[in-house]
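Before any comments, here is the structure.
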Amino acid sequence: MTVDLTGKSALVTGASSGLGRHFALTLAKAGAKVAMGARRTEKLQEVEREIAAFDGRAIAIELDVTDRESVRRAVDTAETELGAISVLVNNAGVATTNAALKLTEEEWDQVVDTNLKGAWLVAQETARHMERLGHGGSIVNIASILGLGGSGGVAPYAASKGGLINLTRAMATEWARHGIRVNALAPGYIETDLNRAFLESDAGERIRKRIPQRRFGVPADLDGPLLLLASDASAHMTGSVVTVDGGHSASL
1 MTVDLTGKSA LVTGASSGLG RHFALTLAKA GAKVAMGARR TEKLQEVERE
51 IAAFDGRAIA IELDVTDRES VRRAVDTAET ELGAISVLVN NAGVATTNAA
101 LKLTEEEWDQ VVDTNLKGAW LVAQETARHM ERLGHGGSIV NIASILGLGG
151 SGGVAPYAAS KGGLINLTRA MATEWARHGI RVNALAPGYI ETDLNRAFLE
201 SDAGERIRKR IPQRRFGVPA DLDGPLLLLA SDASAHMTGS VVTVDGGHSA
251 SL
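Using our numbering, the first residue of the sequence shown is number 1, and each one after it goes up by one.
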C-alpha cells in the first residue's frame, strides 16, 4: 500500500525524540506538512532541518500538552503556518517505574496528566478546529498494549493508556458526525534510544521470549499502521485499536 499525504497538514505531539520524531519523519516522507510539538524546541528544530533536507515542510512549535493555553496556541500556529489540520498524532507521553505501594501522588499525576489529560486536551482542541473548518480528519492516539492488560511497576502508565483507549472509542462515537475519525495505535515493545539498554538487559530478554515473533519491534514496524490510520485508506475505521506487538497481546 502506497500512501500519499500530499496537501495534508499534520500535528504530531511529543515529536522531539523517540517514536514522535519517527512519526513526524514518516508523515513528512509521505508528503504531509508537519507541525511538531514538544517542550524541547531545540530538538524539534533538528527534525525540522532533517525534513527540509528532503524538501519536506515542517515547523517546530513549543507545546506543553498539559496546559490548555499552550495547546490552543499550538493548534492556532499549526493552522496559520500550514493550513487546515487533517491529521493529529497524539503521541506525547511519559512513564515512571515504581511499585504501586510506593508510588507517589506526584508520579501518578505526571504520568496521567500527560498521557491522558494531555491527549484529551490536544484531541479536543484539534477536533474543534476540524469541526469549525468543516473538513473532518483523522486523530491517531498512541496507546500501548499495556492499556489492554496491566503490568507490575507501571500502574499509572497502564491506567493512562487504558483510559486513552476508552477515550478513543468515546470520541470516535461522538465525532463521527463531524467527519472526524479517532483510532488508537497500540504498540508493544518498540526499540528506541530511550529503552534500548533495558531491552538488552536480562529483564528485557525475559520479555522478548514471551513475544510469539521472538523479537522487539523497531519504529519502522509502525509506519504502515500509522499511515493507514492517518490516511483515507482507513475511511471506514473509527474507534479501532490497532496493535503492533509481534503477537504479544494475543498470547497474554
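All C-beta atoms in this analysis are idealised placements derived from N, C-alpha and C, irrespective of residue type, glycine included.
Note that the structure is a prediction, hence the values are computed from the model and not measured.
From the options, residue whose alpha carbon lies closest to that of residue i
i    : options                   : result
N141 : L148, A123, P156 and R132 : A123
R196 : R215, V182 and G239       : R215
L167 : A143, L101, I59 and S249  : A143
P212 : A203, G246 and D232       : G246
A181 : V241, E42, M36 and I61    : The sequence given here has Arg at residue 181, not Ala. For the residues V241, E42, M36 and I61, the minimum Cα distance to R181 belongs to V241.
G27  : A38, R57, L103 and E200   : The sequence shown places Leu at residue 27, not Gly. For the residues A38, R57, L103 and E200, the minimum Cα distance to L27 belongs to R57.
A74  : A35, A99 and W120         : A35
A15  : K8, T2, E42 and V3        : E42
A159 : E79, G204 and T96         : T96
Q45  : K33, A32 and I61          : I61
L103 : T126, K8, G152 and D76    : G152
A52  : D76, A38, A24 and G37     : A24
G7   : N183, R169 and K33        : K33
A92  : G18, E131 and F54         : G18
Whole-angstrom C-beta distance between residue j and residue i, which should lie under 8 Å
i    : j    : result
L253 : I190 : The shown model of the chain, from 1 to 252, leaves out residue 253, and the question about it has no answer.
G188 : G217 : 6 Å
Inter-residue spacing [alpha-carbon to alpha-carbon] between residue i and residue j
i    : j    : result
V244 : L82  : 30 Å
W175 : T13  : 21 Å
G136 : A235 : 11 Å
G224 : R68  : 31 Å
V65  : S231 : 24 Å
H248 : P219 : 16 Å
V154 : L101 : 11 Å
I145 : A186 : 5 Å
R210 : G204 : 10 Å
E50  : R21  : 11 Å
L199 : D109 : 26 Å
E105 : R40  : 25 Å
A78  : S201 : 41 Å
R208 : T80  : 45 Å
R132 : E125 : 11 Å
R169 : A127 : 14 Å
Sub-7 Å separation of residue i and residue j beta-carbons
i    : j    : result
K161 : G147 : yes
L11  : A30  : no
L63  : I139 : no
H129 : I59  : no
L116 : L194 : no
P156 : V94  : no
G118 : A172 : no
L121 : V71  : yes
L229 : N183 : yes
Counterpart residues of residue i in DSSP-defined beta bridges
i    : result
T243 : A186
K33  : S9
L88  : L11 and I139
G217 : I190
V154 : N98
I180 : G137
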